[in-house]
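One gets this note's numbering by counting positions in the sequence shown from 1 and adding 134 to each.
All C-beta atoms, glycine included, are put in the ideal place defined by N, C-alpha and C.
Note that the structure is a prediction, hence the values are computed from the model and not measured.
I have placed the structure first, in the form of structure tokens, so that the comments after it can refer back to it.
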Amino acid sequence: FHTILCTSWLLFVRRGQKLHFKKNAIWRNHPSIELKEITVIIPFRDEELRLSPLLHSLTNSNELPAKIIFVDDHSTDNSIELIQKILHNCPFSLIQSKGIGKKEALATGISHSNTDYILTLDADVNFHPYYFSNIKNLKKLDMHILPVEMHARGFELLFAIDTYAVNALN
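Printed below as a string of structure tokens:
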């Protein structure tokens with residue numbers, strides 16, 4: 135019985151190795167994503183106090199994607215003015231959500247996109263200056279999940295920990 139079990143295990147491992155090498159051969163020849171194929175959609179509502187890290191990440195990026203769309207979900211604070219002030223040298227669009235809520239804001243942003251890939255970001259994240267440059271190393275697939283940083287205080291720290299846990303799993 136042990137011989138059959140060991141033989142089966144070795145065949146299973148060998149089959150996995152063959153699939154791994156075949157996948158790597160296909161992967162090497164797969165084209166990479168270009169930044170001109172990406173639209174970034176950022177929905178926001180009353181994020182004036184949390185937007186600055188994201189906006190500074192965008193202004194400090196060494197490269198930017200084709201389109202950056204901020205979708206205002208009926209803000210009542212000065213979020214719009216802050217975006218316009220900090221991103222005055224960056225190409226971006228600012229549109230009003232057709233409905234109410236984050237899902238509706240994302241749908242509105244998607245309807246204004248004409249690129250092959252869409253990247254959604256929350257308004258309270260930030261990222262490294264080479265974040266978009268590193269996206270160019272990704273192969274063209276249906277979906278990628280990319281890590282970002284979230285800085286929070288108080289009760290919102292739980293959401294930041296959750297973000298880091300999901301990033302670690304990916």
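Checklist entry - Are the segment 255-269 and the segment 222-235 touching by the rule of at least three beta carbon pairs closer than 8 Å? => result no
Item to check | For Lys273, the residue or residues it bridges with in DSSP | outcome: Within the sequence shown, residue 273 is the residue found at index 139, counting from 1. Ser166.
Item to check | CB of Ile202 within 8 Å of CB of Val174, strictly | outcome: For the purposes of this step, residue 202 is identified with residue 68 of the sequence shown, where counting begins at 1. For the purposes of this step, residue 174 is identified with residue 40 of the sequence shown, where counting begins at 1. Yes.
Item to check | Cβ-Cβ distance between Lys273 and His164 below 8 Å | outcome: Looking up residue 273 in the sequence shown gives position 139. Looking up residue 164 in the sequence shown gives position 30. Yes. Within cutoff.
Item to check | Alpha carbon of His136 to alpha carbon of Leu275, nearest angstrom | outcome: Numbered from its first residue, the sequence shown carries residue 136 at position 2. Numbered from its first residue, the sequence shown carries residue 275 at position 141. The pLDDT assigned to His136 is 47, lower than 50, so where the model puts this residue is not dependable; a value taken from the coordinates is nonetheless given after this. Their Cα atoms are separated by approximately 42 Å.
Item to check | Continuous beta strand (DSSP E) stretch holding Leu228: start and end | outcome: Position 94 of the sequence shown, counted from the start, is the residue given in the question as residue 228. Run containing Leu228: Ser227 to Gln230, per the beta strand (DSSP E) assignment.
Checklist entry - Is Leu144 helix, strand or coil when you go by DSSP? => result Taking the sequence shown and counting its residues from 1, the one referred to as residue 144 is at position 10. Here Leu144 scores only 49 on pLDDT, less than 50, and its place in the model should not be relied on; the value that follows carries that caveat. Correct three-state label for Leu144: helix.
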